[in-house]
Amino acid sequence: MGNELIVSVQNRIQEMQHGEGLRLPTGYSVGNALNSAYLILSDNSKGKSLLEKCHPTSVSKALLNMAIQGLSPAKNQCYFVPYGDQCTLMRSYFGSVSILERLSNVKKVHAEVIFEGDEFEIGSEDGRTVVTNFKPSFLNRDNPIIGAFAWVEQTDGIKVYTIMTKKEIDKSWSKAKTKNVQNDYPQEMAKRTVLSRAAKMFINSSSDNDLLVKAINETTEDEYDNNQQRKDITPNPPNIEKLEKSIFNQDENKKIAQDMIDSIDLNQADKDLQEELNIEFPDPSKNYLATGEVNGDVENEDGPYPF
Numbered sequence: 001m002g003n004e005l006i007v008s009v010q011n012r013i014q015e016m017q018h019g020e021g022l023r024l025p026t027g028y029s030v031g032n033a034l035n036s037a038y039l040i041l042s043d044n045s046k047g048k049s050l051l052e053k054c055h056p057t058s059v060s061k062a063l064l065n066m067a068i069q070g071l072s073p074a075k076n077q078c079y080f081v082p083y084g085d086q087c088t089l090m091r092s093y094f095g096s097v098s099i100l101e102r103l104s105n106v107k108k109v110h111a112e113v114i115f116e117g118d119e120f121e122i123g124s125e126d127g128r129t130v131v132t133n134f135k136p137s138f139l140n141r142d143n144p145i146i147g148a149f150a151w152v153e154q155t156d157g158i159k160v161y162t163i164m165t166k167k168e169i170d171k172s173w174s175k176a177k178t179k180n181v182q183n184d185y186p187q188e189m190a191k192r193t194v195l196s197r198a199a200k201m202f203i204n205s206s207s208d209n210d211l212l213v214k215a216i217n218e219t220t221e222d223e224y225d226n227n228q229q230r231k232d233i234t235p236n237p238p239n240i241e242k243l244e245k246s247i248f249n250q251d252e253n254k255k256i257a258q259d260m261i262d263s264i265d266l267n268q269a270d271k272d273l274q275e276e277l278n279i280e281f282p283d284p285s286k287n288y289l290a291t292g293e294v295n296g297d298v299e300n301e302d303g304p305y306p307f
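Each residue of the sequence shown is one higher than the last, beginning at 1 in the working numbering.
This is the structure:
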């Protein structure tokens with residue numbers, strides 16, 4: 001199944017490039033990224049592989065969104081995490097930086113964690129909140145985290161700051177299905193959370209191809225449980241329970257993923273092989289970004305996902 005699925009996704013990406021205006025990053029090799037992903041998905045060193053456990057449609061969706069965003073699992077920019085019989089694509093902090101710097105209205109992005117004892121001051125310029133002083137200390141790195149901030153530099157040179165207190169970060173983390181990642185990687189997760197909040201305005205106001213913007217938003221939404229129904233670029237996707245999980249070491253990712261598999265009753269679909277591989281992709285111009293249609297009520301004041 002795996003090789004045929006990889007070929008199917010690669011062919012679909014080529015169609016998007018030639019007929020739908022999709023542009024991939026300079027130097028990005030879809031084939032190399034898909035091959036790296038296949039090695040991860042087919043790894044059965046600790047039991048059944050993700051290709052065996054996860055529904056082919058969800059694997060196809062994860063691979064397609066990975067390629068559209070120009071992400072590479074070999075560079076730890078994204079990970080494949082199973083939830084039930086669904087394969088979910090997760091971006092790392094490094095992956096989020098990569099896709100944001102691809103946007104036409106963004107020049108550079110950066111995020112920092114604020115520890116107790118660090119010097120940190122904010123001010124206002126033209127009605128915008130800015131960081132006027134940040135002086136971290138190596139001696140404070142074992143102190144509790146009290147907040148985080150990120151800045152996005154626009155193409156005109158203006159930096160737009162986003163600041164979150166630890167209480168705000170904890171509120172975002174409370175939406176997660178699993179808390180182990182925040183406990184194990186609090187610094188990276190705090191940076192990732194504040195950067196994701198900072199990025200929303202730039203992602204949704206970008207003039208970039210709708211396929212890219214949709215893939216970015218969809219991958220983000222898949223990490224959080226908002227009980228929303230979404231349209232997809234793959235046909236009739238099963239309902240996927242959202243999961244917040246970003247691992248910063250692929251080996252550790254495999255370990256935690258296996259722990260999840262051991263604790264969840266998986267219902268693997270038993271379908272004819274040819275039927276599984278006969279994946280059709282509807283016209284992306286009919287997706288919700290093109291039509292402006294979003295299903296489901298947005299309860300969080302920050303948007304369709306809670307950060």
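Ideal Cβ positions, reconstructed from N, Cα and C, are used throughout, including at glycine.
Model, not experiment: these values are computed from the prediction.
Query                                                                                                                                  : Result
Near the ligand ZN: residue 147 beta-carbon under 8 Å from a heavy atom                                                                : For the structure depicted, the ligand ZN is absent and the ligand set is empty, with no information on it obtainable.
The region 106-117 in contact with the region 71-80 per 3-pair CB rule at 8 Å                                                          : no
CB of residue 22 within 9 Å of CB of residue 97, strictly                                                                              : no
Exposed unless 16 or more other CB atoms sit within 10 angstroms - verdict on residue 158                                              : exposed
Per-residue burial, residue 55 [other beta carbons within 10 Å of its own, 16 or more giving buried]                                   : buried
Contacts around residue 102, its chain only, beta-carbon distance under 7 Å, and the 5 residues preceding and following it disregarded : 25 and 70
Three-state class that DSSP yields for residue 155 in the structure shown                                                              : coil
Exposed unless 16 or more other CB atoms sit within 10 angstroms - verdict on residue 58                                               : buried
Three-state secondary structure assigned by DSSP to residue 107                                                                        : strand
3-residue-minimum beta strand (DSSP E) runs that sit fully inside the region 110-142, ordered along the chain                          : 119-125 and 128-135
Cβ pair residue 197, residue 161 closer than 9 Å                                                                                       : no
Contact between the region 212-221 and the region 138-150 (3+ Cβ pairs under 8 Å)                                                      : no
Residue 84 - DSSP class collapsed to helix/strand/coil                                                                                 : coil
For residue 220: DSSP bridge partner residues                                                                                          : Bridge partners of residue 220: none, in fact.
C-alpha gap between residue 171 and residue 165, whole angstroms                                                                       : 10 Å
C-alpha distance - residue 202 paired with residue 66, whole-angstrom precision                                                        : 20 Å
Closest by C-alpha distance to residue 12, when choosing among 64, 34 and 53                                                           : 64
Cα-Cα separation, residue 147 to residue 3                                                                                             : 45 Å
Cβ-Cβ separation, residue 51 to residue 42 (assumed contact under 8 Å), whole Å                                                        : 5 Å
Rounded separation between residue 168 and residue 19 - CA only                                                                        : 43 Å
As assigned by DSSP and simplified to three states, the class of residue 185                                                           : coil
Short Cβ contact (9 Å threshold) for residue 28 with residue 6                                                                         : no
C-beta contact flag for residue 93 and residue 191 at 9 Å                                                                              : yes
Alpha-carbon to alpha-carbon, residue 124 and residue 16                                                                               : 43 Å
Reduced DSSP category for residue 197 - H, G, I as helix; E, B as strand; rest coil                                                    : helix
Beta-carbon spacing of residue 163, residue 115 below 9 Å                                                                              : no
The alpha helix (DSSP H) enclosing residue 174, as first and last residue numbers                                                      : Residue 174 -> no alpha helix (DSSP H), and no H or E assigned at all.
Cβ pair residue 199, residue 152 closer than 9 Å                                                                                       : yes
Whole-angstrom C-beta distance between residue 31 and residue 10, which should lie under 8 Å                                           : 7 Å
Three-state secondary structure (DSSP) of residue 79                                                                                   : strand
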